[in-house]
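Undergrad: Its first residue numbered 63, the sequence shown is counted upward by one per residue in my numbering.
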Amino acid sequence: MPEHPTSSMNWERTRSLFPVTGEMAYFNNAGVAPISSRVDEAIRRYAGEAVRLGAFNYPRFFDAEIERVRGRASLLLNASVDEIAFVKNTTEGLGIVASGLDWKRGDEVLTCDLEYPSNVYPWWSLRGRGVETVMLHGRGGRLPLAVVEEALQSRRVRLLALSSVEFGSGARNDLEALGGMCREHGVLFCVDAIQSVGCFPIDVEKCGIDFLAADGHKWMLSVEGCGIFFCSKRVQDLITPRIVGWRSVRNNRDFDTYHMDLQPGAGRFEEGSPNTPGIFALGAAIDLLLELDVSAIGERVLALTDRLVSGLRNRGAELRSPRGPGEASGIVSFVIPGQSPADTVRRLRAERIFVIERRGGVRASPHFYNSEDEIDRLLAALD
63 MPEHPTSSMN WERTRSLFPV TGEMAYFNNA GVAPISSRVD EAIRRYAGEA
113 VRLGAFNYPR FFDAEIERVR GRASLLLNAS VDEIAFVKNT TEGLGIVASG
163 LDWKRGDEVL TCDLEYPSNV YPWWSLRGRG VETVMLHGRG GRLPLAVVEE
213 ALQSRRVRLL ALSSVEFGSG ARNDLEALGG MCREHGVLFC VDAIQSVGCF
263 PIDVEKCGID FLAADGHKWM LSVEGCGIFF CSKRVQDLIT PRIVGWRSVR
313 NNRDFDTYHM DLQPGAGRFE EGSPNTPGIF ALGAAIDLLL ELDVSAIGER
363 VLALTDRLVS GLRNRGAELR SPRGPGEASG IVSFVIPGQS PADTVRRLRA
413 ERIFVIERRG GVRASPHFYN SEDEIDRLLA ALD
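1. Kindly give me the distance between the Cβ atoms of Ala328 and Ile146, rounded to whole angstroms, as I take these residues to be in contact under 8 Å.
2. With DSSP as the reference, label Trp308 as helix, strand or coil.
3. Please report the distance separating the alpha-carbon of Arg217 from that of Val249.
4. State whether the region 254-264 contacts the region 281-295, with contact taken as three or more CB pairs (one from each stretch) at a distance under 8 Å.
5. Which complete alpha helix (DSSP H) runs does the region 153-224 hold, if anything under 4 residues is left out?
6. So does the region 183-194 actually touch the region 360-374, counting three or more Cβ pairs closer than 8 Å?
7. Tell me where the beta strand (DSSP E) around Ile146 begins and ends.
8. Confirm, please, whether the CB-CB distance from Ser402 to Gly423 is below 7 Å.
9. Quick check on this structure: which residue in His199, Val219, Leu176 and Gly388 has the alpha carbon closest to the alpha carbon of Gly192?
10. Is the CB-CB distance between Ile158 and Ala343 below 7 Å?
11. Tell me whether the region 151-171 and the region 191-209 touch, counting them as touching only if at least three CB pairs, one residue from each stretch, are closer than 8 Å.
12. Determine the contact status of Met86 and Phe416, defining contact as a CB-CB distance below 7 Å.
13. Closest to Ile356 by CA distance: which of Ala112, Leu137, Thr83 and Ser78 is it?
14. Give the straight-line distance between the Cα atoms of Leu115 and Gly345, rounded to the nearest whole angstrom.
15. Return helix, strand or coil for Pro64, following the three-state DSSP convention.
16. Quick one: residues in its chain with C-beta nearer than 6 Å to the C-beta of Glu389, no 5 flanking neighbours on either side, listed in chain order?
17. So, using beta-carbon positions, are Gly270 and Gly241 closer together than 7 Å?
18. Buried or exposed, going by whether 16 or more other CB atoms sit within 10 Å of the CB of Arg312?
19. So for Asn90, helix, strand or coil by DSSP?
20. Does the separation of the CB atoms of Ala266 and Ala160 fall below 7 Å?
21. Under 7 Å, do Asn181 and Ser427 count as touching if we go by C-beta distance?
22. When you measure from the CB of Ile398 to every non-hydrogen atom of the ligand NAP, does any distance come out below 6 Å?
23. Quick check: what's the CA-CA separation for Ile301 versus Phe148?
24. With a threshold of 7 Å on Cβ separation, who are the neighbours of Asp323 within its own chain once the five nearest residues in sequence on each side are excluded?
25. Quick one: what's got a C-beta closer than 7 Å to Gly378's C-beta in the same chain, skipping five residues either side?
26. Thinking C-alpha only, which one of Arg122, Glu434, Gly200 and Val171 is nearest Gln215?
27. Name the one or two DSSP bridge partners that Gly465 has.
28. Quick one: measure Cβ to Cβ for Ala223 and Thr173, integer angstroms, because I've assumed they're closer than 8 Å.
29. Could you give the first and the last residue of the continuous alpha helix (DSSP H) run that contains Arg244?
30. Using the beta-carbon count (16 or more within 10 Å), is Gly133 buried or exposed?
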């Protein structure tokens with residue numbers, strides 16, 4: 063059963079799992095997050111087996127962990143195990159969709175000018191096939207639902223591709239409302255969820271999500287190079303894998319029989335040898351998230367960002383992150399009047415406070431292991 067931490071002592075205890083807290087105030091979880099000692103231990107466990115025994119126990123040790131982690135990832139999204147594939151990054155997951163759908167000339171993809179490039183270039187690459195990417199215009203760091211609804215009136219729209227949280231402003235999109243719109247108009251819904259998985263709950267069934275991709279190195283607190291791709295069973299046959307390898311087919315341990323009978327689930331998108339150490343790391347990271355409970359993590363992160371936002375407003379900072387009901391996330395973007403974001407970032411980093419510059423603002427992104435004292439330290443450094 064997952065724990066539901068409620069006291070500050072519970073959260074304070076999680077800090078011991080993140081040695082980075084002894085080095086600096088780390089507020090770049092929306093970029094590349096630090097890993098926990100549990101993830102470190104999982105990587106060492108993989109390496110220890112590989113060093114001592116190589117592949118001698120591969121089915122019992124490596125394969126077993128790969129499938130265990132697949133199951134844990136499915137719990138994170140309220141998906142079925144056969145709807146989860148491992149990918150090397152978010153872009154690969156989105157690319158499976160972009161390259162695999164049977165596009166027709168004149169089809170349209172809707173996305174937004176607030177998106178990270180990973181959720182733009184796969185769709186732009188379809189121009190040569192006669193597919194147009196419509197870049198909806200965000201307003202005030204957010205994409206209004208009314209703008210999406212209006213764009214969906216076009217019968218040419220085949221797919222809506224949006225992030226769960228916009229990487230620059232931190233605006234959290236209403237996935238349930240967007241999914242409902244897509245169902246109403248018969249449009250596929252593809253989500254870049256790297257800025258929310260591990261920080262806020264995502265229910266792919268409730269939100270009507272058809273495809274979702276997220277690398278593990280941000281809010282899931284794992285390593286780069288290993289993420290998850292969700293492909294709903296209702297649309298798996300719409301995607302033709304453009305790279306087919308030995309792991310794509312049924313009975314793939316029978317290396318002497320060639321055939322093209324693809325795996326019945328999302329495993330068909332895993333064409334070759336997996337990133338096994340990355341999956342070990344991801345498994346330990348997801349275990350911690352499920353243990354702490356993602357709903358509780360989300361509440362904790364919002365409490366920390368609310369504290370930061372309040373302090374910034376008291377100091378006259380220009381806030382660039384929407385903070386209305388349902389819009390707030392773990393990302394806070396701001397500008398100090400009379401100071402360039404680059405200068406603010408340099409000042410804070412000199413104080414061992416790790417923030418970055420994104421989209422013309424200073425971006426701070428605390429996670430559950432950060433503390434109120436660290437938030438106050440950031441604010442004091444601005445003074």
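Think of the CB as a built atom: it goes at the ideal place given N, C-alpha and C, for glycine as much as any other residue.
TA: For this structure:
1. 6 Å
2. helix
3. 9 Å
4. yes
5. 183-186 and 207-213
6. Two segments are said to touch when three or more pairs of C-beta atoms, one from each, lie closer than 8 Å; by this definition the region 183-194 does not touch the region 360-374.
7. Its beta strand (DSSP E) spans residues Ile146 to Val149.
8. no
9. Val219
10. Not in contact: Ile158 and Ala343 (Cβ atoms no closer than 7 Å).
11. Segments in contact, yes.
12. Annotated as proximal: Met86 and Phe416, with beta-carbon spacing under 7 Å.
13. Note that residue 356 is Val in the sequence shown here, rather than Ile. Of the listed residues, the one whose Cα sits closest to Val356 is Leu137.
14. 21 Å
15. With a pLDDT of 40 at Pro64, under the threshold of 50, the modelled position of this residue cannot be trusted; read the value that follows with caution. Here Pro64 sits in coil by DSSP.
16. Ala233 and Arg234
17. yes
18. exposed
19. strand
20. Note on identity: in this sequence residue 266 is Val, with Ala being the wrong assignment. No Cβ-Cβ contact shorter than 7 Å links Val266 with Ala160.
21. Taking 7 Å as the Cβ cut-off, Asn181 and Ser427 do not qualify as a contacting pair.
22. With respect to the ligand NAP, the structure shown offers nothing to examine, as it has no ligands at all.
23. 16 Å
24. Val311 and Arg312
25. Annotation for Gly378: Pro399 place their beta carbon closer than 7 Å to its own, counting only its chain and skipping 5 residues before and after.
26. Val171
27. Outside the displayed range of the chain (63 to 445) lies residue 465, so it cannot be described from this structure.
28. 5 Å
29. Note that residue 244 is Cys in the sequence shown here, rather than Arg. Start and end: Leu237 to His247.
30. exposed
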